[in-house]
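Reading through the structure tokens given below for one structure.
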Amino acid sequence: MSPVRELSPRYNAPETEAKWYEVWESRGYFRPRSDSMSGTDSGNRYVIVIPPPNVTGILHMGHALNNSIQDILVRWQRMKGCDTLWVPGVDHAGIATQNVVEKKLAKEKKTRQQLGRENFLKEVWKWKDEHGSTITRQLRRLGASCDWTRERFTMDEGLSKAVREAFVTLYERGLIYQGHYIINWCPRCQTALSDEEAAHKDVQGALYHIKYPIAGAGTAAEKINEDHIVVATTRPETMLGDTAVAVNPGDSRYRHLAGKKLVLPLLGREIPVIEDDFVDPEFGTGMVKVTPAHDPNDFAMGARHGLEQINVLGPDGKVNANGGPYCGMDRFDARKKIIEDLEARGLFVRRDSHLHAVGHCYRCNTMVEPYLSKQWFVKMKPLADKALQAHAEGKTVFYPDRWTKVYTHWLEGIRDWCISRQIWWGHQIPVWYDEDGNFFVARTEEEAKARAREKHGREVVLRQDPDVLDTWFSSWLWPFSTLGWPEPSGDLRRFYPTSDLCTAPEIIFFWVARMIMAGLEFMGEVPFRRIYIHGTVRAQSGLKMSKSLGNAIDPLEVIGEMGSDALRYSLVMLSAQDVYLSREKFEVGRNFTNKIWNAARFALMNMSDFSQGAARLGLDPRQLALADRWILSRLAKVTSEIDKALDGFAMSQAAGVLYHFVWNDFCDWYIELVKPTLLGASADDRARTRRVLFFTLEKIMRLLHPFMPFISEEIWQTLKEMAQDKASWPETLSLAAWPMEAGELFEDLEAEKALGLIQQAVVGIRDLRASLNIPPAQALSAVLVSRNAKALEAAAAFYEQIKTLGRLSEAAFQSDFKKTKAWVGNAYAEIEVFIRIEGVLDPAKERERLSGKIEELSKWIRSMRQKLSNDDFVKHAPGEVVAKEREKLADAEKVLQTHQDHLQLFQ
RNA sequence: GGGCGGUUAGCUCAGUUGGUUAGAGCACUACCUUGACAUGGUAGGGGUCACAGGUUCGAAUCCUGUACCGCCCACCA
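Following this note's numbering, the numbering of the first sequence begins with 1390 at its first residue and continues without gaps.
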């Protein structure tokens, strides 16, 4: 005899979650099955690499959604028997982390420069050791079934090696170069940024119109009104670095300026007028000041015309010595002062307000400065071409499909990637310089030294490039570096390429596209085949959720209040597109966990002395009672629907189907239907229904498990304890098989139809009761009438159920509605329900009620008849649609007939 | 400036190749503390599917245009 099991009246989420996660992780349930097998052939594999959260990160709703989705997929595939691996890890997040540690130092009145590079990096590692595991601890609380034994960090030894290997390989293939170009410079972080890291934002700026005197026309002061031109600029301070003014060669207004020189105001330098097609005669005055060192267009023009590049800003955004009197001023102060000075000299024309997009540092939101400097770049075109080819060959598929275009457009217009950063935290660039300025690109310092020795014929002192690589230079290797690359490891052979990638749209360019390029370049194969781009989590207001805006909902708070399962389920239910969150939205999940818990509790209460529960049904469904057959049929149907939905990343649909199955089918109907059997009935019937109840509940836990791992495990383990075949149960629900085993269950259309009749009858009775204000406690007599003999027979066969659910004292079944005078009725397609209301029936009222129904129904029937008599419809519509419509019409006509007959009884 | 999404019940949203009388959750109304669950049950009210055209036997669904909202991309100073 199995021990009696009960569930506590209330589900204790915190305790349950802590208990099971510990068990799962410590017993290695999340490790791939093939780890404990010999050989590498383990059948189907399912592999996901986590989008590594920043080491500075704390779990926010975006992470919660992203990782819930991945966990659902991974747990689902694991239960389906795949050799499953979810690789976790954390990103060192170069600039972000350096900023965090610098801020911490600032509180102690220290700067990284004071500490020096080596000590500063020690501080960062110390910070990482203390705080770096916050996010992974939080992922565990979410329930993420990652294989933590394979956790990686982008700065760990293996990944650092991968980074150097990638850099050197690309250099050797001619895909990495160093050069002086205009890049995005963040004056606060004092580093270069890639184009993707400069986020364009609209800024209400101004277009300043400034006079540039023409040279050789007397002194500027005298001739100012006749002999000058006007340029328009949004950044007047850059004029300090002007080396020309450009006009469009086709612009007839300025033909007289050909070959002339202008005097640069304030500095007095003479600059030429040049002609360039870039200039748009329609914009501003049609004259553009050219500042090759501070604007990418001007840089290009400067290159075309051989202009000097004068850099007037320092790395801190302050004017340098080239700015003459403005030296030392901040760029924005200089702007003000320059305008004032121009005004004082009569050289300022006007200021038009002007809205334009300006790049901002994606880490600190400082306005980015286009800045000329020497940086390392990756030549992207050849890499992008491979990715585009892979796409054309169908090797990468985006879900939903619309992201494909976003991806390919970016690849088609790709520009070279600036990968050097002037910060300290990150992978130092594997390039060493000698004193003559020669450099050696090498995997190790020893290798560089050896080559320098070869070149010089003696030992030379080398200095490593002080810059580090863009954080994303390690992230783009993630799908194979985490598996051991560049070593030919077993994991790499077993698990590359991975299966799916799940992420948010924000990082398609930063990360997804680059991973695909890196995978093709270094592994010769795409890193994953399917890419699921899920919605962005936003606050109810539509703004991005962020702590700084104060509109964030902390997932850990929600977990604390309602449990991780509730959080996960709510998020996934809402995730059909972008998720707009407010606190109340989590009630769906919370209420659902409560419902599940109570349904299970009820089942167990009724099985306390039951010893035949088993994971295998061991009964022929055809021999069972209708309700049992029906729920098993629904279970089969729902399982395949969930499979189908998950297969296409329709997470919210899968969750919705399951929700309605558990709540409506299982709780509202099945449990209510079987209550009479569980409480009364013969021992045999009771035992059979209990077995079905046990079996169904156990399968429901399996279906729930990917979505709600904790509560499902808790209930499942309780079921396991009392199962007669528990010896054959796996240790954990995580390792149980996804329903169903072949041939175990099937859809039973006959049962579904028959139960539909019961539902009609019961709903009919309830409906009448409610519309006539009859209290539920008052038992009623009912007559069920049907012209369909089979329907009547079926209804009679399930009299007990109708009686209980409809709260009837007695029920009769007949085919002749005429005997139902003095009864109140409702008609449905197959069955008509009448109830007797002693001494209450008012013939006039009933006439009115029926007339209303008749009128409504007649209208619909007329339109349907019209539709069906339309030759075009019959000709063009699919046969099954026509048949369905005909059937509907026939049903409606039957119902109408019943109403009319019934009405006559009251005439 | 370019591209992409959205507009369906008071609110938040589903609606899978065009085909029942357009659905759910929340909110609302009425009734119900019925031995799983009031984080619950039963019944109900509420929508000319943004607007204007078009294709079609048939349009929330396909096409064109308009309006508003949102997102992404963008070196016109």
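Just so you know, even glycine gets a beta-carbon here, dropped at the ideal spot from N, CA and C.
Where does residue i fall in DSSP's three states?
i, result
"G1594", "strand"
"L1582", "strand"
"W2127", "coil"
"K1612", "Bear in mind that the predicted position of K1612 carries a pLDDT of just 46, short of 50, making it too unreliable to give a figure here."
"A1831", "coil"
"K1649", "coil"
"I1437", "strand"
"Y1788", "strand"
"V1634", "strand"
"S1762", "strand"
"N1983", "helix"
"C1535", "coil"
"H1745", "strand"
"Y1418", "coil"
"H2265", "helix"
"K1499", "coil"
"L2015", "helix"
"H1617", "strand"
If distances are taken between C-alpha atoms only, which option among the options comes closest to residue i?
i, options, result
"T1486", "H1520, H1780, P1477", "H1520"
"R1526", "E1507, L1462, V1444, I1458", "V1444"
"D1705", "Y1760, D1730, F1667, A1689", "Y1760"
"V1620", "A1955, E1626, H1598, D2290", "H1598"
"D1889", "Y1822, E2245, I1458, G1432", "I1458"
"N1995", "A1965, I2060, R1957", "I2060"
"Y1969", "K2256, A1989, A1941", "A1941"
"V1490", "A2183, D1460, P1638, I1812", "I1812"
"W1806", "K2283, P1442, I1572, I2154", "I1572"
"S1878", "F1419, G1547, E2237, E1507", "G1547"
"Q1966", "N1637, R1541, A2039", "A2039"
"C1673", "T1622, I1660, P1638", "According to the sequence displayed, residue 1673 carries Gly and not Cys. The residue with the shortest Cα to Cα distance from G1673 is T1622."
"V1738", "P1602, D1859, F1556, V1634", "P1602"
"G1505", "R2075, S2252, P1855, A2166", "P1855"
"A2180", "G1908, L2161, A2140, L2062", "A2140"
"R1740", "M1769, L1596, A1692", "L1596"
What is the C-beta distance between residue i and residue j, in whole angstroms, given that I count them as a contact (C-beta under 8 Å)?
i, j, result
"T2085", "I2020", "5 Å"
"T2107", "L1396", "6 Å"
"M1962", "A2044", "5 Å"
"I2250", "A2281", "5 Å"
"I2154", "A2126", "Incorrect: roughly 41 Å between the Cβ atoms, too far for contact."
"A2184", "L2173", "5 Å"
"W1814", "W1861", "Wrong, their Cβ atoms sit about 14 Å apart, outside the cutoff."
For residue i and residue j, what's the separation of their Cα atoms in angstroms?
i, j, result
"V1977", "S1959", "6 Å"
"N2215", "V2152", "10 Å"
"I2163", "Y1410", "51 Å"
"A1779", "V1915", "8 Å"
"G1568", "L1653", "29 Å"
"R1422", "S2117", "18 Å"
"L1742", "R1577", "One detail in the question is off: residue 1742 reads as Ser in this sequence, not Leu. One C-alpha to the other measures close to 26 Å."
"S2022", "L1559", "58 Å"
"W1413", "S2198", "52 Å"
"I2031", "W1465", "10 Å"
"I1447", "N1987", "34 Å"
"L1872", "L1881", "5 Å"
"S1762", "N1456", "40 Å"
"A2233", "R2158", "18 Å"
Does the segment 1530-1549 touch the segment 1840-1856, meaning 3 or more C-beta pairs lie closer than 8 Å?
no
Contact between the segment 2000-2014 and the segment 2099-2113 (3+ Cβ pairs under 8 Å)
yes
Counting pairs of Cβ atoms below 8 Å between the segment 1882-1892 and the segment 1863-1872, do you hit three or more?
yes
Could you check whether the segment 1402-1417 touches the segment 2091-2099, counting it as contact only if at least three pairs of C-beta atoms, one from each stretch, sit closer than 8 Å?
yes
Do the segment 1745-1765 and the segment 1582-1590 touch if we need at least three Cβ pairs shorter than 8 Å?
yes
I want to know whether the segment 1719-1739 touches the segment 1630-1643 - three or more CB-CB distances under 8 Å.
no
Quick check: the segment 1788-1804 against the segment 1823-1841, are at least 3 beta-carbon pairs closer than 8 Å?
no
Between the segment 2139-2150 and the segment 2254-2269, do at least 3 Cβ pairs fall closer than 8 Å?
no
Per the contact definition of three or more C-beta pairs closer than 8 Å, is the segment 1709-1720 in contact with the segment 1550-1566?
no
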